[in-house]
Amino acid sequence: MNQPDLIIALQQGDNEAFKKLIDEWQDMVYNTALGIIQNEDDADEITQEVFIQVFQSIRSFKGDAKISTWLYRITISKALDYLKKQQRKKRFGFVDYFWSGNKNDVDEGKEFHHPGVVMENKEMASQLFKAMKQLPNNQRIAFTLHKLEAQKYGDIAVIMNISLQATESLIARAKTNLKKIVQEYYTKNIA
Amino acid sequence: MNTNINNRVDAALNSLDDVKRATGKPYVLTRMKAKMQNSNSSIWDNALQFISKPMVALVCMLIIIAFNVLVISRNYNTSNTINEEQALTVDEYNANITALNYTENIEP
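So the sequences go chain by chain: A and B.
For the first sequence, my numbering puts the final residue at 175, and the numbers step up evenly by one.
For the second sequence, my numbering puts the final residue at 796, and the numbers step up evenly by one.
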């Protein structure tokens, strides 16, 4: 089934078409969310939310962008919402504790191991992911799409709705910042 | 030492070069449908859950007590003013004389 047919089937509420959409793009959505938020359970939660949004708004999808681009955009938006929520939780954690009695589980120091990283790179990749958390959101997203989803600069530009030059600049700045952060870490811990 | 650090930094930056795409958990469609059904019926559940939190109940109780105290203290002030006004009227018209002391009742 090609993209226009799939979109028509989805807009008609075809269950099989929706199943096909999930089967085809579930891992892409999950992997992108996982790269940005670095938590497997929450990435799974975001994956569900992305497809719920697709289900609810497929009728308004005009088909002027690729489905994958649309899915990337929804995933990024959901992941950013999640990050904002996390920051709010961190800032007002004591208020939440006072109201609900639940201790919030925002754990910045926790190491993240991406399941797709080869064994010998696990430790170094973990340091890199830790450094990625310190990047501004747009650099973090561009770098994630480039490294984890192997997206070309042109595609990243379309997904993020920015120019190609802006994308190149974002990724270059992300790499410089990451190098600085990782260098600082190793200087402190090896020297 | 510097070379060692630089090598490690380069290795860390290149550590995601051969990364494979992570695969999500199965049955997304089933879980997603369950989530949608839950979210449709959960507005009242959420409201009830919020109200039943001990802190919310405590704050509501304190608000009710504070409101009661406010109403009682306002009533007390108003009743004091009324008593003073009544006393003034009584003094002015010598209305505190009981009916038994009226002269027409004493004379035979």
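We put the beta carbon where it would ideally sit given N, CA and C, even for glycine.
The residues 31, 34, 55, 59, in chain order, have a CB closer than 7 Å to that of residue 13/A in the same chain once the five nearest residues on each side in sequence are set aside. At a cut-off of 8 Å between beta-carbon atoms, residue 131/A makes contact with chain B. Taking 8 Å as the threshold, the shortest C-beta distance from residue 35/A to chain B falls below it. Taking C-beta atoms under 8 Å as the contact rule, residue -13/A and residue 51/A qualify, at a distance of about 6 Å. With fewer than 16 neighbouring CB atoms inside 10 Å of its own CB, residue 732/B falls in the exposed class. Non-local beta-carbon contacts of residue -6/A in its own chain, meaning distances under 7 Å to residues more than five positions away in sequence, involve 1, 2, 5, 42 in chain order.
Excluding the 5 residues flanking it on each side, residue 138/A has same chain C-beta neighbours closer than 7 Å at 148, in chain order.
Along the stretch 705 to 733 of chain B, going in chain order, the ones with a CB nearer than 7 Å to a CB of chain A are 706, 707, 708, 709, 710, 711, 712, 713, 716, 717, 719, 720, 723, 724. Contact between the stretch 111 to 127 of chain A and the stretch 154 to 165 of chain A is present: 3 or more CB-CB pairs across the two stretches fall below 8 Å. Residue 173/A sits in a helix when the DSSP states are folded into three classes. Neighbourhood of residue 765/B in chain A, by CB distance below 9 Å: empty, with the nearest CB roughly 35 Å away. Taking residue 28/A as reference, the option from 772/B, 714/B, 696/B with the minimal CA-CA separation is 714/B. When Cβ-Cβ separations below 8 Å define contact, residue 771/B makes no contact with chain A. In the three-state reduction of the DSSP assignment, residue 102/A falls in the coil class, being assigned neither a helical nor a strand state.
Between residue 693/B and residue 128/A, the beta carbon gap of about 25 Å keeps them out of contact (Cβ cut-off 8 Å). Excluding the 5 residues flanking it on each side, residue 66/A has same chain C-beta neighbours closer than 7 Å at 21, 26, 30, in chain order. Under the rule that a run must span 3 or more residues, no beta strand (DSSP E) segment is found entirely inside the stretch 134 to 162 of chain A. Note on residue 696/B: 16 or more other CB atoms within 10 angstroms of its CB, so buried under the neighbour-count rule. For residue 103/A, the closest C-alpha among the options 698/B, 705/B, 742/B is that of 705/B. Excluding the 5 residues flanking it on each side, residue 18/A has same chain C-beta neighbours closer than 6 Å at 27, in chain order. Distance between residue 113/A and residue 136/A, taken at the CA atoms: about 20 Å. Nearest CB-CB separation between residue 109/A and chain B: below the 8 Å threshold.
Looking from the CA of residue -9/A, the closest CA among 44/A, 36/A, 105/A belongs to 44/A. The beta carbon of residue 62/A lies closer than 8 Å to those of 17, 30, 33, 34, 37 in the same chain, with the five residues before and after it left out.
Against chain B, the beta carbon of residue 15/A has neighbours under 7 Å at 709, 710, listed in chain order.
Short of 6 Å from the beta carbon of residue 765/B, and not among the five residues preceding or following it, lies no beta carbon of its own chain.
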